[in-house]
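Using the working numbering, the letters of the sequence shown correspond one by one to residues 204 to 415.
Every residue, glycine too, gets a C-beta built ideally from N, C-alpha and C.
Report on one structure; see the data block that follows.
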Amino acid sequence: MPIKPDLPKPPEFGAPLAPTHESTETLKLLALRRSTPVLMLGEPGPSAADLDAMLRLAMRVPDHRKLEPWRVLIIEGSARERLGDYFAAARSLREPDATPAQLEEDRKLPLRAPTILAVISSPTHDPKKTPIWEQQLSAGALCQTLMIAANAMGWAACWITETPAYDSHVHAALGLKPGDQIAGFIYLGTAKEQPVERQRPDVSAKATRWTG
Ligand SMILES: Cc1cc2nc3c(=O)[nH]c(=O)nc-3n(C[C@H](O)[C@H](O)[C@H](O)COP(=O)(O)O)c2cc1C
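Structure (structure tokens):
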């Protein structure tokens with residue numbers, strides 16, 4: 204069952220903050236965290252208050268020079284149908300030979316979960332100061348923080364892109380500007396099935412000690 208987020212008030216600018224937050228619950232979440240495959244998501248989705256809390260938490264991500272190089276579109280209800288129409292229209296322009304069944308498949312993509320957060324990476328063109336790459340990384344951090352906050356509140360979540368995220372017609376429909384990219388569609392809802400553990404990296408092979 205989702206829990207009602209009981210968050211601390213946003214700290215005042217300049218307020219002293221604890222440098223650490225020892226939390227067994229957080230460690231447990233990170234140790235056992237699993238995305239829920241989008242086909243396992245269903246109703247209900249998070250309330251407006253939950254989404255507000257999730258977004259507030261996620262927008263505290265590291266952000267070099269405080270450029271806030273991202274924004275989020277909340278897509279729910281019938282807006283998902285309109286997004287599906289854009290997905291299908293984009294496919295027919297991309298692939299004039301697409302079959303009606305393929306277009307219908309694309310039309311249904313956004314209906315797989317009650318709520319979608321489209322995270323837009325929107326770097327400012329000031330590459331001498333904060334490289335674009337760093338601004339894009341901040342958008343990725345926002346996606347993952349949304350995933351973690353959603354799970355901690357009791358919502359199942361999945362970060363996917365799929366072909367539509369890279370289609371210029373979909374970009375136009377979502378109001379992306381030149382240089383913007385879709386960092387992810389975060390699908391949110393309630394798990395209809397239990398996800399299972401996937402293969403995980405061999406940490407000792409991926410993280411080695413550099414000694415100079
Ligand atoms: C930027 C990004 C885009 C992704 N896009 C897709 C996608 O389009 N389809 C998909 O099946 N998984 C996609 N994934 C992978 C899933 O989000 C997820 O990480 C994966 O299923 C592993 O599950 P886990 O989060 O439990 O480790 C994407 C991940 C990232 C970081």
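Within the continuous alpha helix (DSSP H) that includes residue i, where are the two ends?
i: R336; result: In the sequence as presented, Arg is not what sits at residue 336; that position holds Trp. It spans I335 to M356 - the alpha helix (DSSP H) in which W336 sits, taken as one unbroken run.
i: A218; result: Where A218 is concerned, there is no enclosing alpha helix (DSSP H), given that its DSSP letter is neither H nor E.
i: L230; result: T227 to L235
i: A293; result: S281 to R297
i: A360; result: Premise fails: A360 lies in the beta strand (DSSP E), A359 to I363, not in any alpha helix (DSSP H).
i: Q402; result: Here Q402 belongs to no alpha helix (DSSP H), and DSSP marks it neither H nor E.
i: R310; result: P303 to K311
i: S371; result: S371 to A376
Out of curiosity, what's the CA-to-CA distance linking residue i and residue j?
i: H224; j: S295; result: 50 Å
i: P208; j: M350; result: 15 Å
i: M337; j: H328; result: Sequence inspection shows Glu at residue 337; the Met mentioned does not correspond to that position. Taking the straight line joining both Cα atoms gives about 12 Å.
i: Q397; j: A218; result: 41 Å
i: P185; j: A221; result: Nothing can be reported for residue 185: it is not among the residues displayed for the chain, which extend from 204 to 415.
i: H203; j: S325; result: Beyond the ends of the chain as shown, which are 204 and 415, falls residue 203; an answer cannot be given.
i: R315; j: I323; result: 20 Å
i: E203; j: A394; result: For the chain, the structure presents residues 204 to 415; residue 203 sits outside this window and is missing.
i: A256; j: K332; result: 31 Å
i: L386; j: A321; result: Before going further, note that residue 386 is Ala rather than Leu in the sequence given. Near 8 Å, if we compare the C-alpha coordinates of A321 and A386.
i: A344; j: W362; result: 12 Å
i: A281; j: L235; result: The question names Ala, but residue 281 in the sequence shown is Ser. In a straight line, the C-alpha of S281 is about 34 Å away from that of L235.
i: L340; j: G382; result: 14 Å
i: A432; j: P299; result: Look at the range of the chain in this structure, 204 to 415, and you will see that residue 432 is not part of it.
Which residues does DSSP list as the beta-bridge partners of residue i?
i: L244; result: A394
i: S324; result: W273 and Q384
i: T318; result: E279 and L391
Assuming residue i and residue j are in contact, meaning their beta carbons sit under 8 Å apart, how far apart are those beta carbons, in whole angstroms?
i: G245; j: E279; result: Incorrect: roughly 14 Å between the Cβ atoms, too far for contact.
i: C346; j: I319; result: In fact, because the Cβ distance is near 12 Å, the residues do not count as touching under 8 Å.
i: L276; j: L377; result: 6 Å
i: K312; j: G287; result: The sequence shown places Leu at residue 312, rather than the Lys named in the question. About 6 Å separates the two Cβ atoms, so the contact holds.
i: A416; j: P367; result: Coverage of the chain is limited to positions 204 through 415, which leaves residue 416 absent and any answer about it impossible.
i: A261; j: A360; result: Their Cβ separation, rounded to whole angstroms, is 11 Å, which puts A261 and A360 out of contact at 8 Å.
i: P213; j: M356; result: Contact doesn't hold; Cβ gap of about 17 Å is too wide.
*asked:* Residues around ligand 1, please: the ones whose beta-carbon is closer than 6 Å to some heavy atom of it, in chain order.
replied: Answer in sequence order: R237, S238, C361, W362, I363, T364, E365, G387 and R401.
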